[in-house]
Each structure stands twice: as C-alpha cells, then as structure tokens.
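Working notes, structure below.
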Amino acid sequence: MNQLPLWGGSTARRSSIKLLSKSRVTAGLQCPKRLYLECYESEKRDPIDPGRQALFDAGRQVGEVARGRFPGGVRMEEDPLLHDKASRDTAAAMANPATRAVYEAAFTFGDIRVRVDILARDGSAWDLIEVKSSTGFKEEYLADIAVQAHVVRGSGVALNRACLLHVNNQYTWRGGPYDLDSLFAIQDLTEAAWAAVPSLLEKIEEMREPLWATEPPPVPVGPHCEKPYRCPFFDHCHADGPEHPITDLPRLTPKLYRTFAEASIEEIGEIPEDFDGLSELQRRVRDCVVRGEPFTHPALVPALQAIRHPIHFLDFETCNPALPIIPGTRPFQQMPFQYSDHVLEEDGTLHHRGYLHPDRSDPRPRLAEELIEAIDGEGSIVVYSGFEARVIRSLAEAIPKLHDRLLPLVEHRMVDLHHLIHEHYYHPKFRGSFSIKGVLPVLVEGLDYRDLTIKEGSQAAGAFMDMTNPATPAAKRDALREGLLAYCHRDTEAMVRLFQTLKEVT
C-alpha cells in the first residue's frame, strides 16, 4: 500500500470501529478513504453500471461451477448479516467427517471476518481454495489469500495449503458437461501467503486508525483511484473536484502525478506553459484546457478526404465467456456474434445492414459470409479502434476458405476513426478520454447511449449469452435481441455522425 499523508480533520473519536473483512482489507490497501466509506458511508457508492454488473455475474457463475471441482460440500448462508450463524454452521459442518468441503466457509479472528470460497478436506487438515474468474495469478490476489489464511489458521483450523483456483484457457470444451479437472487449474500459494502475512498485518493495523475518526480521511484523488481496479466511490470522491483535474491527463504516470502533487498543481490549467515532462498529447490537452477551445491538426483534413465512398462504418460485438458456451471454443476465446454496417454513399444516402447470430452454434462461418457479402467491393471501411481488424484477422485464420477475401478488408480498406481523432483532434470536454462514448456527446449533440437498454460491450456479451440460452423465456429472448440490434446499430451510427461532424468543423 502506498503511504499516504497522516490524517487531519476532526479530532472526534468513535467508541468502537467496524470489523474488517477480506473485501474491506482489499479496500484499505487501495485507499484508506475507500475503506472508511465502505465501513460507514456505503450508500455513497457509485451506481453499478450494467457492464460491471455483467462481470460480477460472470464471476459468481464461475464460483458456482468451481464448487463441482470439490464435490460433497456444504454451502453456508452467504448473507453478510448472518456471518456469526454461518461461522457456527461452518464449525458444525467441519466437525462432521462426512463433509468433504465447505462452500463460503465463515470465520472470525483478530477482529477480521472472512469467507472462504472453498474449504476442502485433505486428510486431517484442510485446503483453502480462492476462486478467481481469471486465467492466472495477479499480484493483488496474494493479500486476499493471505488474510484468509491468517484468519482460518487463527481460528484453530489445521490448514494444509492456501491455493488459487483459476480458469485454464487452454481447455477446449467439446460440448456436454465441463471437464472440471481440465477447465480449472490450481496454483499452490501457501508459502507466498504465509510470507505475506506479517507485513499485511502491519498494514491492517495502519488502516484501522482512520476508522476511529468520525469523518473520512482527507485523501486526495490520484492514480490509486483506478488501481488495481476503479474505486466504487470514484464519482463521489471526484464530484467536488476541478473541472479539469490532473487525473484527466491521458497516460498520467504515478511519477508525473507525484510531481504535480509536490508542486500543489491539481488542475490541468495550472500546469505552467514551460513545464517539462509532458508528452505531446498531454501538452495538447493542457493547451486546449488553457485556451478553452478545440485543437485541430492540419493533417486531419486530408486524412478525412482520403476516406473513399461508399464508406462502410463497421462494428462487431463479441463475447469471451470464462465458461465456454460454444462447442469447440476455449475459456475467454473471443467470438464475434454480431456486426453492424452503416453505408454512406457519395450523394449522402445512408443505409444499414447487420447480422446477429441466433444460437450457440459457431457464429463465425455465417457471420463471415454475411460480412463479405455486405462490404465486398470498393470504398473505405471505417472502424473505431483496432478491434475490428483483429476480429477479421481471426475470422480469416479460423475459416481458411475465406482467408483471401477477408484479409484485404483489413490490409487495403480499413480506416481507424479513433486513431484519426486521437492524433489530430481534441476538445476540452473530452476530459482526456477518446472512447466513442466520451467523444460522441461532445461532438454530436443529442446522440449518446443513455436511451438504450444495452449500453456497452460487456453488457452486450452477457445479453447474447442470455438470448441464446434455451432456458431463457421467449419474450425475454426477443427483448434481448432487439436490445442487441439497437446497441450495435448505435455504434456505427455514432461513427457516421462523428465523421460528418469532423468534416464540418474542419
């Protein structure tokens, strides 16, 4: 945890503080203010956006399937308000020799509460299994596992191993029940977890101190707000900040942030004109904020003029579930299931064509054939980022008979509108972002994604999985289909309008 300033503000003290949990310890390692808000002002959390909710749902699904890797287990009540009861039930289950595993096992030790994803019996001892819906170890997992191991061992449990269970992305699903031994891989982190405990306990004692106060610690915003994950109080903490905070600088490094903090520079407009250390893009952002007007590079005009009619504005939607849903695919394998193509003719006529795969068969052959039929011929293919090019290359590799018809789409006709804007245009209201959802409402008045039921890619991927699930009611499948069509249509419509606007402003 980065050492932050000593806490100022109110000297009032609480008579007691909240117990910690493994999630609260993780919060405290990111930021003491986040931990305080988690404990006492959780109602100030930012609303969970649909895309993040889709990721949470996917993680829970992986956790449930992973339990099958350790069958014969007993599942504890997961309500955090019933932790004490779950602790008693955990002890009772572990005392029963017939119990092979406990799911969501509950323990309390040293004023820390934890839930263990899977506690699996290993002879006279137990293995702690932390389940993650990723493909391997990440540094931030170690503290999570270490605090669990400390609490479980402190509760008197003979702990044999502390392990990470993650998804094996080399497993190919052929259909039918998952082969759980192949779908999941186990990594023994026992030695690393025990080694991490002493320093972790020191940090836990440090993070408890601000919890005695009656006001949150005055921690300034900074790069830690999004590392290792975006803080759930991000919007709350940034609400009263300057219009153009330093954190809006693209690719702001911790070193550069510290330099600004030491100089008491909190707003982009406060950066001196002769400040040394900004990249070309960062300086462009600084100058636009100071002047209060957009920047247009002279090269933007010829770049836009070089785009040839009929112009195809192309967007794909893909899914890459941790648990494969299409036979013959691997965990997290990117699978395109939809495209949208708006075509702008030289006379200004605009028409649209698209494809949405209807089921859980391999969508690539049909989608690729439909795509070639739609965009074969002349004219530029405008995309937003390099994602579409990667999808087409993957289609060419997966479908050899279409290889020679797919690759020319990428090699000779594709134009990245994101790159053009990033290199040649900036508006102060972009706030450092070049995402299409950040750029669109600034340049095209009245057009955004707020009116849609599906608003971003992770949500679209989840909608496709639900739409193609035979257990989903027909009415819901129809609604999901309409939502997917509208979302992908909006992506390419947005590119058309951005292109037209850029031509007008130049």
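Heads up, the sequence shown is in my numbering, so the first residue is 102 and it goes up one at a time.
The beta carbon of each residue, even a glycine, is placed where N, CA and C say it ideally should be.
Bear in mind that the values here come from a model prediction, so they are computed numbers and not experimental data.
Query raised in the report: Are three or more beta carbon pairs between the region 563 to 578 and the region 366 to 385 nearer than 8 Å?
Result: Contact fails: fewer than three Cβ-Cβ distances are below 8 Å.
Query - Own chain partners of E594 with C-beta closer than 7 Å, once the 5 adjacent residues on each side are dropped - result: Taking C-beta separations shorter than 7 Å and ignoring five residues to either side along the sequence, the partners of E594 in its chain run H443, following chain order.
Report task. May I ask you to report which of helix, strand or coil DSSP gives F285? Result -> Strand at F285.
Query raised in the report: Beta-carbon separation of L220 and A199 under 8 Å?
Result: No.
Query - Backbone CA spacing between D416 and Q288 [nearest angstrom] - result: Distance from the CA atom of D416 to the CA atom of Q288, rounded to whole angstroms, is 38 Å.
**Report entry** Burial state of A296, where buried means 16 or more other Cβ atoms lie within 10 Å
**Finding:** Answer is exposed; the Cβ neighbour count stays below 16.
Query raised in the report: If you run the structure through DSSP and keep just helix, strand and coil, what is G109?
Result: Reliability fails at G109, whose pLDDT of 49 lies under 50, so the model's placement of it is uncertain and the value that follows must be treated cautiously. Coil.
Report task. On a CA-only basis, which of P432, A572, P571, H525 is nearest K604? Give me that one, please. Result -> Checking every option, the nearest Cα to that of K604 belongs to H525.
**Report entry** Three-state class that DSSP yields for Q435 in the structure shown
**Finding:** Reduced to three states, the DSSP call for Q435 is coil.
Query - Which of helix, strand or coil DSSP assigns to L457 - result: In the three-state reduction of the DSSP assignment, L457 falls in the strand class, which pools E and B.
Requested in this report: Go through its chain and collect everything with a Cβ distance to T607's Cβ below 8 Å, but skip five positions before and after it.
Outcome: For T607, same chain residues with a beta-carbon under 8 Å away, outside a window of 5 residues either side, are T397, L401, V402, L405 in chain order.
Report task. Excluding the 5 residues preceding and the 5 following G370 in the sequence, name in chain order all residues of the same chain whose CB lies nearer than 7 Å to its CB. Result -> Excluding sequence positions up to five before and after G370, its CB lies within less than 7 Å of the CB of H345, V390, V391, all in the same chain and listed in chain order.
Query raised in the report: In chain order, which alpha helix (DSSP H) runs of at least 4 residues are fully inside the region 206 to 290?
Result: Whole alpha helix (DSSP H) segments, 4+ residues: 240 to 255, 281 to 284.
Requested in this report: Look at the alpha carbon of E231 and the alpha carbon of C264, and state the distance between them as a whole number of angstroms.
Outcome: For the pair E231 and C264, the Cα-to-Cα distance works out to about 6 Å.
Query raised in the report: Roughly how many angstroms lie between the CA atoms of P509 and H413, to the nearest whole one?
Result: When rounded, the distance between both Cα atoms is 14 Å.
Query raised in the report: If you draw a straight line from the alpha carbon of R465 to that of R359, how long is it in whole angstroms?
Result: Answer to the nearest angstrom: the Cα atoms are 48 Å apart.
Query raised in the report: Smallest Cα separation from H267: which of E179, A193, A286, G255?
Result: Cα-wise, what sits closest to H267 is A286.
Query raised in the report: Where does L120 fall in DSSP's three states?
Result: Here L120 carries a coil assignment [DSSP, helix/strand/coil].
Query raised in the report: In three-state terms, what does DSSP make of S188?
Result: In the displayed model, S188 falls within a helix according to three-state DSSP.
Query raised in the report: Quick one, are the C-beta atoms of L301 and P324 less than 8 Å apart?
Result: Result no, Cβ atoms of L301 and P324 do not sit closer than 8 Å.
Requested in this report: Alpha carbon to alpha carbon, how far is F433 from P172? Give it in angstroms, no decimals.
Outcome: Note on geometry: alpha-carbon atoms of P172 and F433 lie some 25 Å from one another.
Query - For M177, the three-state DSSP class (helix, strand or coil) - result: Coil at M177, not helix or strand.
Report task. Go through its chain and collect everything with a Cβ distance to G129's Cβ below 6 Å, but skip five positions before and after it. Result -> The beta carbon of G129 is closer than 6 Å to those of L136, M308 in its chain, skipping five residues each way along the sequence.
**Report entry** Per DSSP, cross-strand counterpart(s) of F396
**Finding:** Answer by DSSP bridge pairing, in chain order: Y527.
Query raised in the report: In terms of residues, what are the limits of the alpha helix (DSSP H) holding D505?
Result: Per DSSP, D505 belongs to the alpha helix (DSSP H) from 504 to 513.
Requested in this report: Go to H413, then tell me how far its alpha helix (DSSP H) extends in each direction, as first and last residue.
Outcome: Per DSSP, H413 belongs to no alpha helix (DSSP H); it is in the beta strand (DSSP E), 412 to 420.
Query raised in the report: In three-state terms, what does DSSP make of H590?
Result: Here H590 sits in helix by DSSP.
Requested in this report: Tell me where the alpha helix (DSSP H) around V166 begins and ends.
Outcome: DSSP places V166 inside the alpha helix (DSSP H), whose first and last residues are 151 to 167.
Query raised in the report: What's the C-alpha gap between V322 and C338?
Result: When rounded, the distance between both Cα atoms is 7 Å.
Query raised in the report: When we look at the beta-carbon of R387 and count the other beta-carbons within 10 Å, is it buried (16 or more) or exposed?
Result: With 16 or more Cβ atoms within 10 Å of its Cβ, R387 is classed as buried.
**Report entry** Option nearest L553 by Cα separation, candidates D592, F376, E474
**Finding:** Residue D592 is the option with its Cα nearest to L553.
Query raised in the report: Between which two residues does the alpha helix (DSSP H) carrying I366 extend?
Result: For I366, no alpha helix (DSSP H) run applies, since DSSP gives it neither H nor E.
Query raised in the report: If you drop the 5 nearest sequence neighbours on each side, which residues of the same chain put their C-beta closer than 6 Å to that of H590?
Result: Scanning its chain for C-beta atoms nearer than 6 Å, with the 5 sequence neighbours on each side dropped, one finds around H590 the residues S441, in chain order.
Requested in this report: Report the option in Q162, L120, S481, A490 whose CA atom is closest to the CA atom of F208.
Outcome: Distances from the CA of F208 to each of Q162, L120, S481, A490 were compared; the closest alpha carbon is that of L120.
Query - Backbone CA spacing between L312 and L379 [nearest angstrom] - result: Taking the straight line joining both Cα atoms gives about 38 Å.
**Report entry** Given A340 as reference, the closest of K145, G558, S256, V298 once Cα atoms are compared
**Finding:** Minimum Cα distance to A340 is reached at K145.
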